[in-house]
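Protein chains in written order, with the numbering used here: chain A, 19 to 171; chain B, 19 to 171.
Number of protein chains: 2
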Amino acid sequence: MDYMKSATKEAYKGMRKGQGGPFGAIIIRKGKIISSAHNMVIKTNDPTAHAEIVAIRKATKKLKRFNLSDCEIYSTCEPCLMCFGAIEWAKIKKLYYGCTRKEAKMIGFDDEEIYADLKNAPKTKRLKEVRISSEETLGPFLEWVKKRNKKKY
Amino acid sequence: MDYMKSATKEAYKGMRKGQGGPFGAIIIRKGKIISSAHNMVIKTNDPTAHAEIVAIRKATKKLKRFNLSDCEIYSTCEPCLMCFGAIEWAKIKKLYYGCTRKEAKMIGFDDEEIYADLKNAPKTKRLKEVRISSEETLGPFLEWVKKRNKKKY
């Protein structure tokens with residue numbers, strides 16, 4: 019089966035319905051599609067509702083676990099920084115993608131700029147970062163270390 | 019008001035309820051807290067439910083818009099790659115954080131490794147990336163260019 023074709027269909031669907039940008043993603047497990055999604059930023063007013071993230075949320079909900087290490091993901095476009103991170107947190111081990119982030123830039127999306135901002139952080143162009151001491155915030159960290167039977171993710 | 023103290027309280031709350039790791043985030047608009055969240059990865063089985071992302075989703079839902087450029091975010095820990103991307107997509111312009119990602123690594127979280135994986139991509143240690151040609155996936159991109167009255171995000 020041509021999974022990229024399915025992902026592309028999702029991209030068309032979401033864009034044509036006015037739900038988001040022209041991006042689709044499919045997650046596969048044991049040769050079967052377990053989730054299929056498109057960008058939903060506009061419909062849901064959620065800036066994190068990129069196709070890959072929506073697909074990950076659907077798949078983890080279906081499987082009732084946050085670990086997708088037995089899955090692969092197909093995305094119509096190279097993941098942005100946020101989605102790259104999400105794919106890694108989900109422990110997905112293989113990613114197939116079509117368009118590049120340079121192509122995404124050509125049609126007006128900020129992926130490339132966000133990658134550049136990270137490279138230049140904390141001197142980013144757009145996001146000003148201020149480190150406050152960790153005097154207060156280390157408290158929960160220290161309690162976490164001592165916590166028993168904690169679930170790792 | 020000490021916003022970092024509020025974020026820290028969230029971190030304790032989420033961890034003690036067993037909902038996720040020891041992380042909290044607060045979003046401020048015009049001097050008022052508009053959303054407050056903690057990590058929910060364990061409770062929701064959603065690997066993207068980091069404190070910053072949950073806070074962004076709550077704030078955008080409340081404001082009914084995906085653009086948070088008039089907001090600031092306080093996070094008990096330096097954002098991971100995914101959350102850094104999410105903050106940028108939400109157009110938040112100022113971030114305050116407490117613990118560093120090195121401190122997060124010391125208590126067992128992968129933030130630092132994911133940053134390293136991106137640096138080494140596509141030769142990442144954990145995620146194998148396969149570029150397929152964009153012959154198919156360029157279709158939605160070209161249609162997007164021609165689309166009228168589209169909403170930018």
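Don't be surprised by glycine CBs; every beta carbon is placed ideally from N, CA and C.
Subject >> Contact set between residue 23 (chain A) and chain B, taken where Cβ atoms lie within less than 8 Å >> reply: 154
Original post:
Is DSSP giving residue 114 (chain A) helix, strand or coil here?
Top reply: strand
Subject >> Extent of the continuous beta strand (DSSP E) to which residue 209 (chain B) belongs >> reply: The shown model of chain B, from 19 to 171, leaves out residue 209 (chain B), and the question about it has no answer.
**OP:** Taking residue 49 (chain A) as the query, report the chain B residues whose CB atoms sit under 7 Å from its CB, ordered along the chain.
**Re:** Chain B residues near residue 49 (chain A): none, gap ~17 Å exceeds 7 Å.
Original post:
So is residue 119 (chain B) in contact with chain A if we call contact Cβ pairs under 9 Å?
Top reply: no
Original post:
Do residue 20 (chain A) and residue 47 (chain A) have their C-beta atoms closer together than 9 Å?
Top reply: no
Original post:
For residue 134 (chain A), which three-state DSSP category applies?
Top reply: helix
Original post:
Does DSSP put residue 126 (chain A) in a helix, in a strand, or in coil?
Top reply: coil
Original post:
Given a threshold of 16 other Cβ atoms within 10 Å of its Cβ, counted over all protein chains shown, does residue 40 (chain A) qualify as buried or as exposed?
Top reply: buried
Original post:
Cα-Cα, which of A:116, A:101 and A:32 is closest to residue 110 (chain A)?
Top reply: When each option's Cα is compared against that of residue 110 (chain A), the closest is A:101.
**OP:** Please list the partners that residue 64 (chain A) has in chain B, where partner means a Cβ-to-Cβ separation under 7 Å.
**Re:** 75, 78 and 84
**OP:** Determine, using beta carbons only, whether residue 108 (chain A) and residue 66 (chain B) come nearer to each other than 9 Å.
**Re:** Taking 9 Å as the cut-off, the Cβ atoms of residue 108 (chain A) and residue 66 (chain B) count as close.
**OP:** Please list, in chain order, all residues of the same chain as residue 104 (chain B) whose beta carbon is under 7 Å from its beta carbon, the five residues on each side excluded.
**Re:** 70, 71 and 74
Subject >> Cutoff 9 Å: residue 55 (chain A) Cβ touching any chain B Cβ >> reply: With a threshold of 9 Å between beta carbons, residue 55 (chain A) makes no contact with chain B.
**OP:** Could you pull out every residue in the same chain whose Cβ sits closer than 7 Å to the Cβ of residue 76 (chain B), ignoring the five residues on either side in sequence?
**Re:** Same-chain partners within the cutoff: 53 and 55.
Original post:
Using a C-beta cutoff of 9 Å, does residue 128 (chain A) count as contacting chain B?
Top reply: yes
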